[in-house]
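Visitor:
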Amino acid sequence: QDVYQAASDLAARAAHLAEGVASSRAVHRPQQGQLAARAGVNVTNEAYLVPRDHAARLHRELAALADGAPGVAIEVTGPWAPYSFATAVVAEGADGGGPR
173 QDVYQAASDL AARAAHLAEG VASSRAVHRP QQGQLAARAG VNVTNEAYLV PRDHAARLHR
233 ELAALADGAP GVAIEVTGPW APYSFATAVV AEGADGGGPR
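Mapped onto the working numbering, the consecutive letters of the sequence shown carry residue numbers 173 to 272.
#1: Alpha carbon to alpha carbon, how far is L237 from E191? Give it in angstroms, no decimals.
#2: Pull up the distance between the alpha-carbon of V193 and that of Y220, whole angstroms please.
#3: Should V222 go down as buried or exposed, given a rule of 16 or more other Cβ atoms within 10 Å for buried?
#4: For S195, name the three-state secondary structure that DSSP assigns.
#5: Using 10 angstroms around the beta-carbon of A179, count the other beta-carbons present and answer buried if the total reaches 16, otherwise exposed.
#6: Going by the DSSP bridge assignment, what does H200 pair with across the sheet?
#7: Measure from the alpha carbon of P254 to the alpha carbon of each residue in L189, S195, V175, A235, then state which is nearest.
#8: Can you list, in chain order, the residues of its chain whose CB lies under 8 Å from that of V175, leaving out five sequence neighbours each side?
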């Protein structure tokens, strides 16, 4: 329970760092089992659209954050294509009859 709480706290701190430079955020279902890249429990699965000139600094800050939390890991992947952060827009029909 202590490790899970530490991981949750670390996730909140990591999100705060990322939100400081990200232009968009996507929250995904935490991956478990064979979908997870490593052993353990995935407490969050978030993606941030970060400008290229801020990415290296954010990676360093996240690595330092993880180094200060034994038993907890932060995994950084990417870059991901910007369309990963797009949302669907549903247009109403001309007659107001719903999506077209």
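Note that beta-carbon positions come from the ideal geometry of N, C-alpha and C, so glycine has one too.
Guide: In terms of the structure at hand:
#1: 15 Å
#2: 9 Å
#3: buried
#4: Look at S195 here: in three-state DSSP terms it is coil, with no helix or strand label.
#5: buried
#6: N217
#7: S195
#8: Result list for V175: G243, V244, in chain order.
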